[in-house]
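Take a look at the structure below.
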Amino acid sequence: MTPLVAGISCFFHDAAAALVHGDAILAAAEEERFSRHKHDAGFPADALAYCLTQAPDGRRPDMVVFYEDPALKADRLLSCYADTYPGGMADFAASWRSFAPKWKQLPGLVAQAVGADVPLRMIPHHLSHAASAFYPSPFEEAAILVVDGVGEWATTTIGVGRGASISLIDEVSYPHSLGMIYSVFTQYCGFKINSGEYKLMGLAPFGTPRYAGLIRDHVISLHPDGSFHVNPEYVSFHIGDRMYSPALTALLGRPAREEETRIDAFYADIAASIQAVTEDAMLGLAAAAKRATGARHLTMAGGVALNCVANGRLLRSGLFDGIWVQPAAGDAGGALGAALAGAMDMGAGRERGSAAAAPRSSPSRRTAAGSSQGNSLLGPAFDDDAITQALHAFKLVASGPLDTDARCRRVADLLAEGAIVARFQGRMEFGPRALGNRSILGDPRRPDIQSRINMAVKFRESWRPFAPAVMAEFVSDWFDPPVDDPYMLFVSFLRPELRRNEETAGEWDDDIIRRVQAVRSPLPAITHIDFSARVQAVEQAVNPGFWKLLDTFRTRTGCPVLVNTSFNVRGEPIVCTPGEALRCFLASGIDALEIGSYLLLKSDNMDIAATVRPGGGFALD
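Quick note: the sequence shown uses the numbering used here, first residue 18, plus one each step.
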């Protein structure tokens, strides 16, 4: 019988659950989408309950796999805090009080969720990440690179996957951690750890990497073999809430930026510098993986694998014929990897093969259709009955039910007229990116769209860039290299002939909004300050509904591209249910909502919108 295996990750950040049937991924979801607490670390009871609804014939899983080894993690905690005795004892005690009871409760929580007779297995954290990277990939054989903050002891792991087996070859151990160093500078620049790293990456193009040499010389040294060494003088991983030491502040010559305060050129330069160091480190690690495995293809996971700028540089290096990155590369993806690793150990095979792994014309040489993860649409879906109930509960005016063609035409018209439109369709995405089913969309040709969505809809920093969703057939007309990734995991650049105002792109302006609103291409709303863009290639075979909307917009305007950002406001998880979608629509500057077979306009529902408070009480991220 084909094994049915559940995987769970929890107790640190981004708790999640997944369910696989052999190598077929049936379901996966983050707990935050159900609890509405962003980066929820608790036991994923609701996410697991959802996943179990997708089991064939109501079958219970044969095994549940936890994404890390608590005994190894306890060993690290004890060893590291012992090294800082007596100064670290209070922090050790706090950590132990936090983790130990949860680990003790885990078997009982699992038994309550799935049944006492279902075995629970623990596997190493980086094996979970490695399995999430390789097993869903389109490659029969590939190098594996896992880079994150820390698992139990490992912070970086190189491995190789062949068929249904994975071998881990080499690792870098804590405290030498590329992910934690990136978080150090995230915090130094005034952003929150485990959520603000995206902001640091987005800020980097506004600066110049003038401090990169200083960071390499003093904070993290990179070696020719791909390894690296963190200087403990400049970090404070074990004691207190601040990850950097006073020595780092002295080295850089400025105090850390306070949250929500003005950003000046210095902090942009710091962001650019650590981003450059991170990219160099990732190139070195990828080269080491190539030497160690001889593989033509590379798969990646771990939180650092979400650094799409570094991924883009790695892609352009040509080190590998193909690269596939797990779209839920952080700890949430560990649940999926744990489930897949368990299934393979129980005798499941992989249906991938040489045809899926064959090189293609596009530089990334992989597609969503070639992987078992599809478009990572693995979460809950809601039918029109559920949507109608939510519409009635809010007493909203809606057009519909409308067929797909009619909805696409109307939405395309609204977008072309400058409206900001949210889309709620089908299964929810697994991972941090909205890929068209829980998305907010806009016309990328409009210079004001970026600031409007950031400030009136998302309630976030005005300078943060947006991704373009592009019909896969037209990526090469707009972007170079023509990335065919469907998950927004590789940065590309506007083609040279489409760029404008290149001479001012590198100039600092204290009015950061003025820099953001400068028109730098025919698609100003998705063109970052350095002409980069986080491309999402949308294939008709993988997400036909979203592709059709893009095609309808192209027919209407000649442009096969839309702004795509996640359907949520700042501090809120991506919406999951129809009720959450309606509340977010009403409480923000979204002009229209396509939800199931219905279309809503804010202008038809202003009285009700006025009664819904913006933000929903979510803490800022």
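Glycine included, each C-beta is placed from N, C-alpha and C at the ideal position.
At which residues does the beta strand (DSSP E) containing residue i begin and terminate?
{"i": "residue 455", "result": "455 to 459"}
{"i": "residue 341", "result": "339 to 342"}
{"i": "residue 317", "result": "314 to 318"}
{"i": "residue 139", "result": "137 to 139"}
Rounded to whole angstroms, what is the Cα-Cα separation between residue i and residue j?
{"i": "residue 75", "j": "residue 69", "result": "8 Å"}
{"i": "residue 608", "j": "residue 465", "result": "15 Å"}
{"i": "residue 378", "j": "residue 34", "result": "Here residue 378 scores only 32 on pLDDT, less than 50, and its place in the model is too uncertain to base an answer on."}
{"i": "residue 243", "j": "residue 223", "result": "28 Å"}
{"i": "residue 47", "j": "residue 356", "result": "14 Å"}
{"i": "residue 187", "j": "residue 163", "result": "11 Å"}
{"i": "residue 484", "j": "residue 413", "result": "31 Å"}
{"i": "residue 370", "j": "residue 159", "result": "For residue 370, the predicted model reports a pLDDT of 42, less than 50, meaning its position is unreliable; a value from the coordinates is still stated below. Distance between the alpha carbons of residue 370 and residue 159: 12 Å."}
{"i": "residue 468", "j": "residue 509", "result": "22 Å"}
{"i": "residue 10", "j": "residue 539", "result": "The chain is shown only over 18 to 638; residue 10 falls outside these bounds and no answer can be derived."}
{"i": "residue 31", "j": "residue 199", "result": "18 Å"}
{"i": "residue 125", "j": "residue 233", "result": "47 Å"}
{"i": "residue 384", "j": "residue 555", "result": "For residue 384, the predicted model reports a pLDDT of 44, less than 50, meaning its position is unreliable; a value from the coordinates is still stated below. Looking at the two C-alpha atoms, the distance is approximately 10 Å."}
{"i": "residue 86", "j": "residue 181", "result": "22 Å"}
{"i": "residue 50", "j": "residue 344", "result": "16 Å"}
{"i": "residue 348", "j": "residue 262", "result": "26 Å"}
{"i": "residue 60", "j": "residue 196", "result": "24 Å"}
{"i": "residue 615", "j": "residue 424", "result": "8 Å"}
{"i": "residue 398", "j": "residue 441", "result": "9 Å"}
{"i": "residue 374", "j": "residue 501", "result": "At residue 374 the pLDDT is 36, less than 50, meaning the model places this residue with poor confidence; the figure from the coordinates comes in the next sentence. So the alpha carbons of these two residues sit roughly 14 Å apart."}
{"i": "residue 372", "j": "residue 578", "result": "Only weak support is given to the placement of residue 372: the predicted model assigns it a pLDDT of 33, under 50, and the value that follows is read from those uncertain coordinates. Rounded to the nearest angstrom, the two C-alpha atoms are 30 Å apart."}
{"i": "residue 45", "j": "residue 23", "result": "9 Å"}
{"i": "residue 592", "j": "residue 65", "result": "18 Å"}
{"i": "residue 422", "j": "residue 431", "result": "14 Å"}
{"i": "residue 254", "j": "residue 247", "result": "11 Å"}
{"i": "residue 93", "j": "residue 462", "result": "51 Å"}
{"i": "residue 511", "j": "residue 18", "result": "50 Å"}
{"i": "residue 486", "j": "residue 581", "result": "6 Å"}
{"i": "residue 142", "j": "residue 169", "result": "7 Å"}
{"i": "residue 452", "j": "residue 559", "result": "11 Å"}
{"i": "residue 358", "j": "residue 139", "result": "11 Å"}
{"i": "residue 596", "j": "residue 604", "result": "12 Å"}
{"i": "residue 111", "j": "residue 365", "result": "41 Å"}
{"i": "residue 587", "j": "residue 482", "result": "14 Å"}
{"i": "residue 302", "j": "residue 285", "result": "26 Å"}
{"i": "residue 296", "j": "residue 327", "result": "5 Å"}
What are the boundary residues of the alpha helix (DSSP H) that includes residue i?
{"i": "residue 263", "result": "263 to 269"}
{"i": "residue 353", "result": "348 to 362"}
{"i": "residue 326", "result": "325 to 334"}
{"i": "residue 142", "result": "142 to 151"}
{"i": "residue 246", "result": "That residue, residue 246, is in no alpha helix (DSSP H); its beta strand (DSSP E) goes 245 to 247."}
{"i": "residue 235", "result": "229 to 235"}
{"i": "residue 292", "result": "282 to 310"}
{"i": "residue 201", "result": "195 to 205"}
{"i": "residue 600", "result": "595 to 604"}
With which residues is residue i paired in a DSSP beta bridge?
{"i": "residue 182", "result": "179"}
{"i": "residue 80", "result": "22"}
{"i": "residue 655", "result": "Absent from the model: residue 655. The displayed extent of the chain is 18 to 638, so no value can be given."}
{"i": "residue 214", "result": "For residue 214, which the question treats as bridged, DSSP gives no partner whatsoever."}
{"i": "residue 581", "result": "458, 484"}
{"i": "residue 615", "result": "612"}
{"i": "residue 161", "result": "176, 316"}
{"i": "residue 220", "result": "Its beta-bridge partners do not exist; DSSP assigns none."}
{"i": "residue 629", "result": "None; residue 629 has no bridge partner."}
{"i": "residue 238", "result": "246"}
{"i": "residue 252", "result": "261"}
Whole beta strand (DSSP E) elements within the segment 483 to 537, 3-residue minimum: 484 to 488, 508 to 511
Residue ranges of each alpha helix (DSSP H) within the segment 395 to 479, 4 or longer: 401 to 411, 421 to 433, 466 to 469
Taking 8 Å as the threshold, find out whether the segment 410 to 427 comes into contact with the segment 603 to 623 through three or more Cβ pairs. yes
Runs of 4 residues minimum, wholly inside the segment 27 to 96: which ones carry the alpha helix (DSSP H) assignment? 49 to 52, 62 to 70
Within the chosen definition, does the segment 296 to 311 reach the segment 402 to 409 through at least 3 CB pairs nearer than 8 Å? no
Given 8 Å, three or more beta-carbon pairs between the segment 387 to 399 and the segment 139 to 154: yes
At least three beta-carbon pairs within less than 8 Å, the segment 264 to 283 to the segment 200 to 210: yes
Only counting runs of 4 or more residues, tell me where the alpha helix (DSSP H) segments fall wholly within the segment 542 to 579, in order along the chain. 561 to 574
Kindly confirm or deny that the segment 76 to 84 and the segment 132 to 142 touch, where touching means at least three C-beta pairs closer than 8 Å. yes
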